[in-house]
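Peer 1:
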Amino acid sequence: MKNYFSSSFTLGILGGGQLGKMLLYETRKWDIKTAVLDPDNEAPCRIACNTFVQGDFNDFDAVYNFGKKVDVLTFEIEHVNVDALEKLEKEGVTVYPSSQTLRIIQDKSKQKQFYKENQISTAGFQVFKNKKQLLQAVENGEFTFPFVWKKSTGGYDGMGVKMIKNTEDLQQIPDAPCIAEDFVDFKNELAVLVARNALGEITTYPVVEMEFHPEANQVEYVICPARISDSVAQNAQRVARLISDKLQHVGLLAVEMFQTQKDEIIVNEMAPRPHNSGHYSIEASFTNQFEQHLRAILNLSLGSTKSKVGAVMVNLVGAEGFTGNPVYKNINEIVSLPGVTPHIYGKKQTRPFRKMGHITIVNQDINKARALAEKVKNTIKVVSEL
Ligand code: ADP
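Counting from 550, one number per residue, gives the positions in the sequence shown under the working numbering.
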């Protein structure tokens, strides 16, 4: 085994946002050297890594040249140049998760195809090269309203996803490769974090429940454990394991799912990295998701995924009507509540609905944590300087 600790070993991270920043808490804990690549010179990771390289993680040369200087390469965002990752792998650089996995995940049409080929339950879909093809299919009656339009590549946080209820909605979508998906009448949105190391050791975290903001299509509350039956939870964890195994994934994988009215589990999508739905683990789990990702990509034994306490996470997003230098209002009011820990990502500019931080609320009683989370949400506000 390599000596990662207090040595010259360097972990490279593509992307310098909040996920990278929280990963760096763990590399600091273990005294592991890091280098980060991000286009923004003021990215949240800047202050916590050993070497910061300003550059575009979508650019082949920027990623290739960066990757050549590190011992293991990982990423905190999936929109990175995958051709460069593939070349680096061929030249002997360890890249985890692999370029092959990333290629499948980057393109929603490939991702859906992967579920289909591996008999993993997912909503029915059809792939289209452009808007014209989709319009034609609707005209031919191959797709009827309502359905869900998803841009094949480049979407995130609900951008690039639209419910199509009528021809008017259809006219408004942009012209791009896309998928059309059957509308799922779900009871709950769930997520399972699964970690796998190169030796094939797999662990799953408890199932979490996600409550969405009705307009912004962003997660408002993440609740751990989900308030579901044991059999539904076990099924969700089984599906997550299966996906991780089929991909021969190395690292953390977040699998988002729907629980249908009939209690079936249908996979929505996945992300090959630490995930918003696992932030609660920093305060509530024996091993938080960032440490677990490090363990997995360094091929160390995986840690316990058990929770010490119930937890609810609230995303702290920029308030509507405010753009500019952020001001966090009423932080003292929320830290005076029991079990409440805010995380501020350090982004220089706030915008409506931009993720600026999150707050974790822990309590032995999950319903108490959920009630407190609502209070927190209604108290704290991210505005901008006047
Ligand atoms: P993103 O990649 O932007 O996170 P998702 O595929 O997760 O996009 O979709 C965003 C949200 O849209 C989901 O969390 C869910 O609320 C809703 N959604 C997505 N697909 C469907 C579907 N087939 N049926 C019903 N709602 C859906």
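Note that beta-carbon positions come from the ideal geometry of N, C-alpha and C, so glycine has one too.
Determine the contact status of V757 and L865, defining contact as a CB-CB distance below 8 angstroms.
Peer 2: It is not a contact, given that the beta carbons lie outside the stated cut-off.
Peer 1: With distance defined between alpha-carbon atoms, name the residue in N715, T752, Q675 and L719 nearest to S701.
Peer 2: Closest by alpha carbon: Q675.
Peer 1: Does the beta-carbon of P755 have 16 or more other beta-carbons within 10 angstroms, so that it is buried, or is it exposed?
Peer 2: With 16 or more other Cβ atoms within 10 Å, it is buried.
Peer 1: Can you tell me where the beta strand (DSSP E) with N689 in it begins and where it stops?
Peer 2: First-last for N689: undefined, no H or E at that position.
Peer 1: Start and end of the alpha helix (DSSP H) containing Y613?
Peer 2: Unbroken alpha helix (DSSP H) run through Y613: F609 to G616.
Peer 1: With 16 other CB atoms within 10 Å as the buried threshold, where does T643 fall?
Peer 2: Buried, by the Cβ-count rule.
Peer 1: Flag G867 as yes when its Cβ comes closer than 7 angstroms to any non-hydrogen atom of the ligand ADP, and as no otherwise.
Peer 2: G867 Cβ: outside cutoff for every heavy atom of the ligand ADP.
Peer 1: Using C-beta distances below 7 angstroms, list every residue in its chain close to N607, excluding the 5 sequence neighbours before and after it, in chain order.
Peer 2: Cβ within range, chain order: H628, V629 and N630.
Peer 1: Starting from I562, trace the beta strand (DSSP E) both ways and give me its first and last residue.
Peer 2: Residues T559 to L563.
Peer 1: Between V621, V585, T671 and I713, which lies nearest to G604 when the distance is taken from Cα to Cα?
Peer 2: The shortest C-alpha separation from G604 is found at V585.
Peer 1: With 16 other CB atoms within 10 Å as the buried threshold, where does S780 fall?
Peer 2: The residue is exposed, with fewer than 16 neighbouring Cβ atoms inside 10 Å.
Peer 1: Can we count Y770 as close to the ligand ADP, meaning its CB is less than 7 angstroms from some heavy atom?
Peer 2: No; taking the cut-off as 7 angstroms, the Cβ of Y770 has no heavy atom of the ligand ADP nearer than that.
Peer 1: Whole angstroms is fine: what's the gap from N837's alpha carbon to A672's?
Peer 2: Approximately 31 angstroms, taken between the alpha carbons.
Peer 1: List in chain order: all unbroken beta strand (DSSP E) runs of 3+ residues lying wholly within the stretch 704-743.
Peer 2: Counting whole runs of 3 or more residues, the stretch 704-743 contains the beta strand (DSSP E) stretches 710-713 and 727-731.
Peer 1: How about Q786 and V741: are their beta carbons less than 8 angstroms apart?
Peer 2: Yes, they are a contact pair.
Peer 1: Pick from A725, K659, M708 and K639: whose alpha carbon is nearest that of K680?
Peer 2: Of A725, K659, M708 and K639, the residue nearest in Cα terms is A725.
Peer 1: To the nearest angstrom, how far is the alpha carbon of D718 from that of A686?
Peer 2: Rounded to whole angstroms, D718 to A686 spans 15 angstroms at the Cα level.
Peer 1: Can V621 and L573 be called in contact, C-beta distance under 8 angstroms?
Peer 2: Taking 8 angstroms as the Cβ cut-off, V621 and L573 do not qualify as a contacting pair.
Peer 1: Do K857 and P875 come within 8 angstroms of each other at the CB atom, strictly closer than that value?
Peer 2: Contact: no.
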